[in-house]
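Under this note's numbering, residues 2 to 216 are what the sequence shown spells out, in order.
Where is the CB? At the ideal position from N, CA and C, for every residue including glycine.
All of these numbers come straight from a predicted model, not from anything done at the bench.
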Amino acid sequence: MDGLILTSVLGNYDAPRKVKVKREPGIRYWMFADKDCGGGWQATRIECKRGALFHARQVKVCAPMLYPTFDWFLWLDGTMQLKVEVLPWVSKLLESGVNFAAFKHREWPCAYREINACKERGKDSEKNLDAARLLLRSSDFPVGYGQVETGFLWRRSCPEVREHARIWWDAMKKTTMRDQATFMWALKECGQEVELLPGVNTKNKLVRYKPGHRK
């Protein structure tokens, strides 16, 4: 089973994290960047013609559509660094039949609160965030539906995941590039669920969180 672990470091947003775990057969490590990276990653250079955030999100969201020959995908934000070998726990996810796995959000319970927090912290314009809220409301998306942090996101390669990626990316292009605002909505739209991994992004057995966001 071939897997793709991918990340992006664009526009001086985060510092690249080195790959420190043992290399395992069938797994590729790709970093999409606008500068030299190294650190155990295979670099793919990107020109940020539409802005660093747009291209970083495009790679993150659309990977299952862009690289369908892989069997699974693991997205790591630039703040993440793997602590353990991947195949033991990925094999369990594949055997269980789940299509998505992530950590539960450590602060709030749903996408509506995510949108509020993005407004409070100036993460995007009110226009874009209001558009995301309207999208959720017009679809009768329930308050308190649940929320995950997509800085660490595992996905199986299958038609259901590719359909989710298509719906998710279309929503983001129409509303906000804050991907967590519409991730759970897109799951519900295509009848999918996410497996919650033990712990949260900042405290778990799989990945080390190192705050970045230099700009």
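Beta-bridge partners of residue i, as assigned by DSSP
i      : result
Ser9   : Phe33
Gln43  : Trp31
Gly145 : Beta-bridge pairing links Gly145 to no other residue.
Lys204 : Val201
Gly4   : Ile28, Trp73
Phe101 : Arg156
Arg209 : Gln82
Glu196 : Ala102
Separation of residue j from residue i, as counted between CA atoms
i      : j      : result
Thr80  : Glu25  : 22 Å
Tyr146 : Leu207 : 25 Å
Met32  : Tyr113 : 31 Å
Asp141 : Lys21  : 44 Å
Glu86  : His56  : 28 Å
Pro199 : Gln82  : 17 Å
Trp169 : Val62  : 7 Å
Leu11  : Lys19  : 16 Å
Thr45  : Ala34  : 6 Å
Ser139 : Leu188 : 16 Å
Gln43  : Arg29  : 8 Å
Ala53  : Trp90  : 32 Å
His214 : Arg51  : Because His214 carries a pLDDT of 49, less than 50, the predicted location of this residue cannot be relied on, and the following value inherits that uncertainty. Going from the Cα of His214 to the Cα of Arg51 covers about 19 Å.
Ile6   : Arg157 : 12 Å
Asn129 : Thr177 : 5 Å
Lys216 : Asp171 : Residue placement at Lys216 is flagged as unreliable, the pLDDT there being 40, under the threshold of 50; the coordinate-derived value follows with that caveat. Rounded to whole angstroms, Lys216 to Asp171 spans 26 Å at the Cα level.
Cys191 : Leu95  : 20 Å
Asp78  : Arg134 : 24 Å
Ala118 : Tyr210 : 21 Å
Glu164 : Pro212 : 32 Å
Gly152 : Leu136 : 23 Å
Trp109 : Gln148 : 7 Å
Supposed contact pair residue j and residue i - C-beta distance, whole angstroms, cut 8 Å
i      : j      : result
Ala103 : Glu150 : 7 Å
Gly27  : Leu75  : About 13 Å separates the two Cβ atoms, so there is no contact after all.
Trp295 : Phe71  : Outside the displayed span of the chain (2 to 216) sits residue 295, for which this structure offers no information.
Met66  : Ala166 : 5 Å
Thr183 : Arg107 : 19 Å between Cβ atoms; not a contact.
Arg179 : Asp125 : 6 Å
Arg58  : Met185 : The Cβ separation is near 16 Å, so there is no contact.
Gln181 : Glu127 : That belief does not hold up - the Cβ atoms of Gln181 and Glu127 are roughly 17 Å apart, past 8 Å.
Val144 : Cys111 : 6 Å
Alpha helix (DSSP H) segments (min. 4 residues) lying fully within the segment 54–89: none
Alpha helix (DSSP H) runs contained entirely in the segment 104–182, provided each spans 4 or more residues: 112–121, 127–139, 160–175
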